[in-house]
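Read the structure below first, then the notes.
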Amino acid sequence: MSSFNEKQGDAEGRIAAEAAVAPAYPQLRLDRAALESNIRVMARWCRERGVELAPHVKTTMSEPIIARQLAAGATGVTVATVDQVAAALGWGHRNVLVANEIVDRLGLTRVRAWLLQDAGREIRCFVDSAAGVAAAAEIFDAHAGAVLEVLIDVGTPGGRTGVRTLDEALALAERVRAAPGLRLVGVAGYEGVVPNSREKSTVAAVDRHCRLVRDVYLAAASFFETPAPVYSMGGSAFPDRVVEVLPGEDQVPGTRVLLRSGCYVTHDHGTYAGVSQVSGLTPALTVRGAVLSVPEEGMAVVGAGKRDLPYDAGLPVFLAARTADGDVKPGATAVVRSLFDHHAVLTGAGGLDVGDTVDFGISHPCSAFDRWPDYVVTDGDGNDVDVWHTDFHRSSLTQP
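So in this note's numbering, the last one in the sequence shown is 392, and the numbering has no gaps at all.
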């Protein structure tokens, strides 16, 4: 009897210890070894090509990951919103690029306050219109006590933000130069608003955009008000095309080429696995869920759905299954047919039983992390070693 009680106590202690470390299923799971390898691979890739990296941290919004990116040589961070600026400043980062327009009074006022708090901070953003310049100039006027450094945003037809032509860009550069509280420090583009494929037509469109951004940068150089102007491009799908079309130091002295790639840090099993030309990146993210039901032959339902799994760039893929005790089931097979809020319906299912766990590979990391306030960190052997957190919902009232 005592032996049974001891065994039961040991089992309960093990379960309690596991529960203290890992959230219940479903779980977002990060392979730390793959993550750190990806960070090293991209850092080396940038060094070999003489470009800087300011990773777009909206991919993860997770401080332990971002700290590793900076430690590997990244020269700053890129964000998309003013609240994300607050998070980055709260983590102690001082060089922040907002790869977006800021046109609302509240957002601009907050940025001005942060710059006034610490003269050593560098917070820059994009502009693409006379209205945007006017909005920024109203807050950063000659008496504001702080200057807003901006980059001209160059876009693509049918894409998103950004001027579409060289003439528009030069007219905007003149407006920025005439605004006392603004300072033009560079030009930026985004080559990612195209289908993520290596079709010839797609690559040709990427190359056209890169050439336009370079032409704008060279033509606007006389308006730059910095000894180190920035030529910035973003995206994780085509950095290899970006570095083929760069302005030279001999053309604009002091030029800093700044890439904003973000998804490389975890890579994926879908979009970027199929398009990235950066050799050596490996998928670092999975989602694990429990098999809840096997209602029909060849069908299984897993407790992970749209609230847990990204699906904007393709359905997740079945990777592996385990028993409830963690033993791998090598013969298990399945294909994700559809997702509901908290259920994934699998077809072609074989070797799956209620209580098993299933690991899914995901496509597009930017649509994964934002679903998870906490996620499980594993070692290279898949053992749970920690729980890390994301910070997508920092209060807009937070003051770094």
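The C-beta atom is built at its ideal place from N, Cα and C for all residues, glycine as well.
- Under the three-state reduction of DSSP, residue 379 is assigned to strand.
- Inter-residue distance for residue 234 and residue 315 is about 46 angstroms (C-alpha atoms, whole angstroms).
- With distances taken between CA atoms, residue 16 lies nearest to 364 out of 164, 336, 364 and 226.
- DSSP, read as helix, strand or coil, puts residue 178 in strand.
- Secondary structure note for residue 141: its beta strand (DSSP E) is the uninterrupted segment 140 to 146.
- If the five residues before and after residue 369 are omitted, its C-beta is found closer than 6 angstroms to the C-beta atoms of 22, 24, 377, 378 and 380, all from its own chain and listed in chain order.
- DSSP places residue 34 in the helix class (H, G or I) of the three-state scheme.
- In this structure, residue 337 sits near residue 329, with a CB-CB distance shorter than 9 angstroms.
- If only complete runs of 4 or more residues are kept, the stretch 61 to 144 shows the alpha helix (DSSP H) at 74 to 82, 97 to 109 and 122 to 131, in order along the chain.
- Within 10 angstroms of the beta-carbon of residue 147 lie 16 or more other beta-carbons, which makes it buried.
- With contacts defined as CB atoms closer than 9 angstroms, residue 258 and residue 276 qualify as a contacting pair.
- Counting along the chain, the unbroken alpha helix (DSSP H) around residue 263 starts and ends at 263 to 267.
- DSSP, read as helix, strand or coil, puts residue 359 in helix.
- With fewer than three CB-CB distances shorter than 8 angstroms, the stretch 220 to 234 does not count as touching the stretch 149 to 169.
- Two segments are said to touch when three or more pairs of C-beta atoms, one from each, lie closer than 8 angstroms; by this definition the stretch 349 to 364 touches the stretch 273 to 293.
- At the C-beta level, residue 91 and residue 118 come within 9 angstroms of one another.
- Using a Cβ distance threshold of 9 angstroms, residue 55 and residue 153 do not count as a contacting pair.
- By the beta-carbon neighbour count (other beta carbons within 10 angstroms, threshold 16), residue 243 is exposed.
- Beta bridge pairing from DSSP links residue 17 with no other residue.
- Separation of residue 85 and residue 230 (C-alpha to C-alpha, rounded to the nearest whole angstrom) is 27 angstroms.
- Under the DSSP assignment, residue 330 falls outside any alpha helix (DSSP H), being part of the beta strand (DSSP E) whose first and last residues are 325 to 331.
- Annotation for residue 149: 156 place their beta carbon closer than 7 angstroms to its own, counting only its chain and skipping 5 residues before and after.
- Note on geometry: alpha-carbon atoms of residue 19 and residue 373 lie some 17 angstroms from one another.
- Scanning its chain for C-beta atoms nearer than 8 angstroms, with the 5 sequence neighbours on each side dropped, one finds around residue 95 the residues 123, 124, 127 and 128, in chain order.
- For residue 274, same chain residues with a beta-carbon under 7 angstroms away, outside a window of 5 residues either side, are 26, 29, 30 and 259 in chain order.
- With contacts defined by Cβ atoms closer than 9 angstroms, residue 324 and residue 347 do not form a contacting pair.
- Look at residue 349 here: in three-state DSSP terms it is strand.
- Contact annotation, residue 99 with residue 74: C-beta distance approximately 4 angstroms; criterion of less than 8 angstroms satisfied.
- Rounded to whole angstroms, the separation of the alpha carbons of residue 40 and residue 209 is 23 angstroms.
- Counting C-beta atoms within 10 angstroms of its own C-beta, residue 52 has 16 or more neighbours from the protein chains shown and is therefore classed as buried.
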